[in-house]
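S.K.:
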Amino acid sequence: MLPKSNRIVFVIHGLPMGGAEKFLITLSNHLYKRNYRPHIILLSNDDMLIGELNPFIPVYQVTKKTRYDLTISKRVNTLIDSIDPNIIMCVNTYAYFLTRIGQLFSNKKSIVLSPHSTIPFSWYNYFQNLIYLRFVQESDQILYLCEAQHLFLKKTYKIPKHQNSIVYNGVDTQYFNPIMIQHNTEESLRKTLGINPEDKVIVQVARLQKEKCHSDAIMALSFLKSQKFETGTHLVIVGTGNSSYVSALKALVQKEDLNDFVHFVGSQSDVRPYLFMSDLFTLTSESETFSIAALEAMSMGLPVVLTDVGGAKEMVVSGLNGLLVKPHNSKELAAAWKTVFQSNLQSKKIRNHVIEKFSIQSMIDHYEDLLFSQNVSVNQLEYA
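Using this note's numbering, the first residue of the sequence shown is number 245, and each one after it goes up by one.
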């Protein structure tokens, strides 16, 4: 067995399609390449993305036997003790709570919490987080994804004193690189979707769920059409989700007479061709932390129009790579799209911004320093 100093256990609710899960897989795979030995504990049987994980990384499933099974915490920590890592990292507050409860009554270890949500999606979720975060210990670390998240969670939940740092999400800029896509891809894909070569394409990559507010993008497109601006503009929606939500979106498209201009293409294992064929990336979320999908789009050279939520202000520079708008304002969104179309932002500068600030190499280096360095400077760790 490799030295204990090389071992890290990740605890996460599962591996469905989502940003937190993609983050965990990316971090685990890259740490494995650097000769660390990650182990992953799943708290459900939802493992849709497990095929993206390096097959040499051990994965364990520890699930509740009944809805109110209180033994799961003990079973999780018994497994952790058998692996005997020097780092335990929990993705989101539920995983942290179950792990911390067990550690209170066994060999107490420091735990790293990586929260991937910011605004609670309900009062019930707020009270859950409020309870979970009461268990934060002074020796624990919380690694926030952006300054906006740090400030919001600190103010909202009055989290007990703890070590903290901010590590921005990163993307693989070599993979998300327009030169990796064959140039006939755009023509072929546009032809398949019935989009003319001269038409403008706005792409939205997000799971189809309520807080992503896809209807705002549909109404913004309807507003553009009514203003006779870029009448050939199309909206391509990449992602899957709740069937009733999808049906409601399609009904709205029908109502606004946009069937020829809104394209639902489902979940895609490789989103790069859809980014490559597009002129603009947009997100309409009412809640977002630090969008990896937006970084991927910018790495492909696309300008963005994002709602001003979470860490969007920390990735978008007006005049360089796009604009921010208020959530739930379709007219403002449409105006921002129009402004970006007319601004002639430079793809190379947009891509370089991501390379300089949000590369996967920078992200992994930062996590490696914070998690494994025995000589982390006091300046790197702050207390809150």
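Every residue, glycine too, gets a C-beta built ideally from N, C-alpha and C.
(1) Given a threshold of 16 other Cβ atoms within 10 Å of its Cβ, counted over all protein chains shown, does asparagine 623 qualify as buried or as exposed?
(2) By the three-class DSSP mapping on this structure, what secondary structure does serine 511 have?
(3) Would you tell me roughly how many angstroms separate the C-alpha atoms of threonine 307 and leucine 342, rounded to the nearest one?
(4) So leucine 428 is in the alpha helix (DSSP H); what residue range does that whole segment cover?
(5) Would you list, in sequence order, the uninterrupted beta strand (DSSP E) runs of no fewer than 3 residues that lie entirely inside the segment 550-578?
(6) Answer yes or no: do valine 569 and alanine 580 have a C-beta to C-beta separation smaller than 7 Å?
(7) Does any C-beta atom of chain C lie closer than 7 Å to the C-beta of arginine 595?
(8) Counting C-beta neighbours from all protein chains within 10 Å, is the total for alanine 537 16 or more, i.e. buried, or is it exposed?
(9) Tell me the residue span of the alpha helix (DSSP H) that contains isoleucine 316.
(10) Since leucine 452 contacts glycine 485 with CB under 8 Å, what's their CB separation in whole angstroms?
(11) Valine 598 by DSSP, collapsed to three states: which one?
(12) Could you have a look at tyrosine 304 and say whether DSSP puts it in helix, strand or coil?
(13) Measure the alpha-carbon distance for tyrosine 368 versus leucine 468 and round it to whole angstroms.
(14) Quick check on tyrosine 412: buried or exposed, where buried means 16 or more other Cβ atoms within 10 Å of its Cβ?
(15) Does the distance from the C-beta atom of threonine 526 to that of glycine 554 stay below 7 Å?
(16) Does DSSP put isoleucine 403 in a helix, a strand or coil?
(17) Pick helix, strand or coil for leucine 246, following the three-state DSSP scheme.
M.R.: According to the structure shown:
(1) Unreliable placement is indicated for asparagine 623, whose pLDDT of 38 sits below 50; no coordinate value is reported for it.
(2) coil
(3) 11 Å
(4) What sits at residue 428 in the sequence shown is asparagine, not leucine. Residues 428-437.
(5) 566-569
(6) yes
(7) The structure shown contains no chain C, having only a single protein chain.
(8) buried
(9) 316-327
(10) 3 Å
(11) helix
(12) strand
(13) 38 Å
(14) buried
(15) no
(16) coil
(17) Model confidence at leucine 246 stands at a pLDDT of 48, short of 50, so the residue's coordinates are unreliable; what they give is reported in the following sentence. Here leucine 246 sits in coil by DSSP.
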